[in-house]
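Asker: As you go down the protein sequences, you meet chains A and B in turn. Residue numbers for the first sequence follow this note's numbering, so the first one is 1 and each next one is one higher. Residue numbers for the second sequence follow this note's numbering, so the first one is 1001 and each next one is one higher. Backbone N, C-alpha and C define an ideal beta-carbon position, used for all residues, glycine too. Sharing a structure, written as structure tokens. Questions coming.
There are 2 protein chains.
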Amino acid sequence: MDVVETIAGVRRRVARARAEGLAVRLVPTMGALHAGHVSLVRAARADGGCVVVSLFVNPTQFGPGEDLARYPRPVEADLAACRREGVDVVFHPPAAEMYPDEPRTTVHVSGLTEGLCGAHRPGHFDGVCTVVAKLLHIVGPDAAYFGEKDAQQLAVVRRMADDLNVPTRIVACPLVRDADGLATSSRNAYLSGTERRQALAIGQALAEARRRIEAGERDGRAVAGLVEGRLDAAEGVRPEYVAVVDPDTLAPLGRIGPQVLVAVAAHVGETRLIDNVMLRGLGQG
Amino acid sequence: MDVVETIAGVRRRVARARAEGLAVRLVPTMGALHAGHVSLVRAARADGGCVVVSLFVNPTQFGPGEDLARYPRPVEADLAACRREGVDVVFHPPAAEMYPDEPRTTVHVSGLTEGLCGAHRPGHFDGVCTVVAKLLHIVGPDAAYFGEKDAQQLAVVRRMADDLNVPTRIVACPLVRDADGLATSSRNAYLSGTERRQALAIGQALAEARRRIEAGERDGRAVAGLVEGRLDAAEGVRPEYVAVVDPDTLAPLGRIGPQVLVAVAAHVGETRLIDNVMLRGLGQG
């Protein structure tokens, strides 16, 4: 496995893979790899070719007062995980390599970024889209892999790639839960034992929403009300939003159609968590 | 010469050139080709490989009340010019091919777009950057060729390409003047004979600015004042702005250093014209 810290270096490495006739796969991450990231790497490996994982805690997607400084950066453990998973190239640039100057260019997706997390994290998705565009330009992959855990990010990145004709296939991979039902997240490391137990109420509320929808509930407001009620009743959980929306357009669904995203953000202690249930191919209910 | 109207078609054509080991050159234009465009094509051809010219009047870079509807579209003459110049591929998409949905994604460059033309054409450079990003993603060229005539556009596109790590070299080509000294522009076609004679004052004022700077003038405000005075005195010319700025950052220059851009926009009749003088490698004066 090659660990590369420069843009020129990773381009050379990818060019070598291309010269060998290999397709190139990119798994963009902020490191602190967990089972969700591993599932992305495995999906990339299953598609064949040269698998590149980027580890970069992108400062431009953190707002003032957010957790940029304390975001976990267990680099040695991340590299070990990449080795274990058969990753070919790790791109691990310092911030000055990615942003040598004060960046002036922003990629903005309107419409999909105003609600949900976007309403509470102004500028976050501009930072995400811009760094994803940079990584796609640097690595030039055939496909890039994103988790459905970050459902709004996935919708926004897909829309950006479509609108800008980015020649990379955006591949979505299912949300991964730990054995206790908590959605995997690098931020779970912030939780105390008590907080982690309290946080389980989020996944349980969403599981109940899934059961109700699968049983035929099609009233979006009723589903949102159900989840809100569960979260309001849960000790230690302070819900930020509950959204019942189309997973592609993120438009609110009064009436649930063939596909739905039920998305939640909530604070547990000092930690902000997100979780969701995404259902496609639903019948009439 | 292949004329291609679809994104998939031009990608296939470019992939064929790549498979033959050719480099790919893109000359993005809005058509109505003139000697300035021809100079870009010749620069691209001189660099070797497969030369792609795009002809696309991009609606998103026109503001309300601007000349989108009447912008000249002499497609047959443009194709003939491309054939004459040995172009390999013309990409001539309909608007619905470039914008199948209401576009939501915008590429914005801050700092370089607020002044000069940006102050008078809100949203123009967002439209330019976004369509250039799309064209670069569609064609995937090794190099793309832009005229120094559109000096602010060049600076903005360069900055975008740098900030986003676009893997395409941005090549600048000198402004081209007609025999009477008027800077070549597709919009010159709007001018009556009288207006064209009146418009020559713009290039003459800039030529005088160039002489003064080459003779050692380093006071940016004095140069701006000289050009403003000439334009104010010129019959039929209504100056919009005169800027003496750094050609890369577009920051105003009180004191002219090693490089300078003197840029003008002015209305002659109903037609808005831009022109400039760009000087690099200047001594101390």
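For a test of the three-state rule: what should DSSP assign to B:R1238, helix, strand or coil?
Answerer: Three-state DSSP puts B:R1238 in a strand.
Asker: List, in order along the chain, the chain A residues whose C-beta lies closer than 9 Å to that of B:L1112?
Answerer: Chain A residues near B:L1112: R104.
Asker: Is it the case that the CB of A:D246 approaches a heavy atom of the ligand NAP more closely than 7 Å?
Answerer: The ligand NAP is absent from the structure shown, which contains no ligands of any kind.
Asker: Report, in whole angstroms, the separation of the C-beta atoms of B:D1275 and B:V1264, which I expect to be a contact under 8 Å.
Answerer: The Cβ separation is near 5 Å, so the contact holds.
Asker: Sort A:V156, A:I7, A:E20 and A:V171 by Cα distance to A:A96 and report the nearest one.
Answerer: Of the listed residues, the one whose Cα sits closest to A:A96 is A:I7.
Asker: Considering only C-alpha positions, which residue in the set A:V268, A:V260 and A:A266 is nearest to A:G283?
Answerer: The shortest Cα separation from A:G283 among A:V268, A:V260 and A:A266 belongs to A:V260.
Asker: Give me the residue from B:E1217, B:A1266, B:Y1190 and B:A1233 with the minimum Cα distance to B:L1071.
Answerer: According to the sequence displayed, residue 1071 of chain B carries Tyr and not Leu. Measuring from the Cα of B:Y1071, the nearest candidate turns out to be B:Y1190.
Asker: Any C-beta of chain B within less than 7 Å: which residues of the stretch 146-176 of chain A qualify?
Answerer: Listed in sequence order: R159, M160, D163, L164, N165, V166 and P167.
Asker: For A:A96, name the three-state secondary structure that DSSP assigns.
Answerer: Looking at A:A96 - three-state DSSP - the assignment turns out to be helix.
Asker: Under the DSSP definition of a beta bridge, which residues are partnered with A:I170?
Answerer: Partner(s): A:A144.
Asker: According to DSSP, is A:I7 part of a helix, a strand, or is it coil?
Answerer: Residue state, collapsed to three classes: helix.
Asker: Which residues of chain A have a Cβ atom closer than 8 Å to the Cβ of B:V1004, listed in chain order?
Answerer: Chain A residues near B:V1004: none, gap ~14 Å exceeds 8 Å.
Asker: Which residues in chain D sit within 9 Å of A:V109, going by Cβ to Cβ distance?
Answerer: Although the question refers to chain D, the structure presented lacks it and instead comprises the protein chains A and B.
Asker: Just confirm the distance between the C-beta atoms of B:R1167 and A:H120, as a whole number of angstroms; I'd bet it's less than 8 Å.
Answerer: Before going on, a small fix: residue 1167 of chain B reads as Pro here, not Arg. Not really, about 35 Å apart at Cβ, beyond 8 Å.
Asker: Determine the closest residue to B:T1194 out of B:G1285, B:P1103, B:V1268 and B:R1018, with distance taken between C-alpha atoms.
Answerer: Comparing Cα positions, the closest option is B:V1268.
Asker: Please name the residue in B:G1115, B:L1116, B:G1111 and B:M1098 whose C-alpha comes closest to that of B:V1132.
Answerer: The shortest C-alpha separation from B:V1132 is found at B:M1098.
Asker: Given that B:G1140 touches chain A, what residues does it touch there, using C-beta distances under 7 Å?
Answerer: P167, listed in chain order.
Asker: With DSSP as the reference, label A:M278 as helix, strand or coil.
Answerer: If DSSP states are grouped into helix, strand and coil, A:M278 belongs with the strands.
Asker: Please report whether the beta-carbon of A:H92 lies at a distance below 8 Å from any beta-carbon of chain B.
Answerer: Chain B, which has no Cβ nearer than 8 Å to the Cβ of A:H92, makes this no.
Asker: Run through DSSP, which three-state label would B:L1253 get?
Answerer: Coil at B:L1253, not helix or strand.
Asker: Taking the alpha helix (DSSP H) that A:H120 belongs to, which residues open and close that run?
Answerer: Unbroken alpha helix (DSSP H) run through A:H120: L116 to H120.
Asker: To the nearest angstrom, how far is it from the Cα of B:D1232 to the Cα of B:Q1198?
Answerer: Whole-angstrom Cα-Cα distance: 12 Å.
Asker: How would you list, in chain order, the residues of chain A whose beta-carbon sits under 7 Å from the beta-carbon of B:A1133?
Answerer: Result: L164.
Asker: As a quick exercise: from B:H1108, B:V1171, B:A1015 and B:A1161, pick the residue whose alpha carbon is nearest that of A:L135.
Answerer: Looking at the Cα atoms, B:A1161 is the closest of the given residues.
Asker: For A:D101 and B:R1159, I'd like the C-alpha separation in whole angstroms.
Answerer: Rounded to the nearest angstrom, the two C-alpha atoms are 11 Å apart.
Asker: Can you tell me whether A:S192 is buried or exposed? The criterion is at least 16 other CB atoms within 10 Å of its CB, across all chains shown.
Answerer: By the neighbour-count rule (16 or more Cβ atoms within 10 Å), A:S192 is not buried but exposed.
Asker: Return the chain-ordered ranges of every beta strand (DSSP E) run that is complete within the stretch 143-219 of chain A and spans a minimum of 3 residues.
Answerer: Counting whole runs of 3 or more residues, the stretch 143-219 of chain A contains the beta strand (DSSP E) stretches 143-147 and 169-173.
Asker: Contact between the stretch 1150-1157 of chain B and the stretch 1108-1123 of chain B: three or more CB pairs below 8 Å?
Answerer: These segments touch.
Asker: Given this structure, state the Cα-to-Cα distance separating A:G31 from A:S39, to the nearest angstrom.
Answerer: Distance between the alpha carbons of A:G31 and A:S39 is about 14 Å.
Asker: Under 7 Å between beta-carbons, which chain B residues line up against A:H137? List them in chain order, please.
Answerer: Result: L1164, N1165, V1166 and P1167.
Asker: Between the Cα of A:E76 and those of A:L33, A:R13 and A:F62, spot the shortest distance and give me the residue it belongs to.
Answerer: Among A:L33, A:R13 and A:F62, the Cα nearest to that of A:E76 belongs to A:L33.
Asker: Since A:R13 and A:V89 should fall inside the 8 Å C-beta cutoff, what is the C-beta to C-beta distance between them, to a whole number of angstroms?
Answerer: Right, their Cβ atoms sit about 5 Å apart.
Asker: Can you give me the C-alpha to C-alpha distance between B:E1235 and A:V57, rounded to a whole angstrom?
Answerer: In a straight line, the C-alpha of B:E1235 is about 59 Å away from that of A:V57.
Asker: In whole angstroms, what separates the C-alpha of B:L1164 from that of B:C1129?
Answerer: Taking the straight line from one Cα to the other gives about 11 Å.
Asker: How would you write the range of the beta strand (DSSP E) that A:L112 sits in, first residue to last?
Answerer: Note, A:L112: premise wrong, no beta strand (DSSP E); not H, not E.
Asker: Between B:I1007 and chain A, is the shortest Cβ-Cβ distance under 8 Å, so that the two count as touching?
Answerer: So, interface residue.
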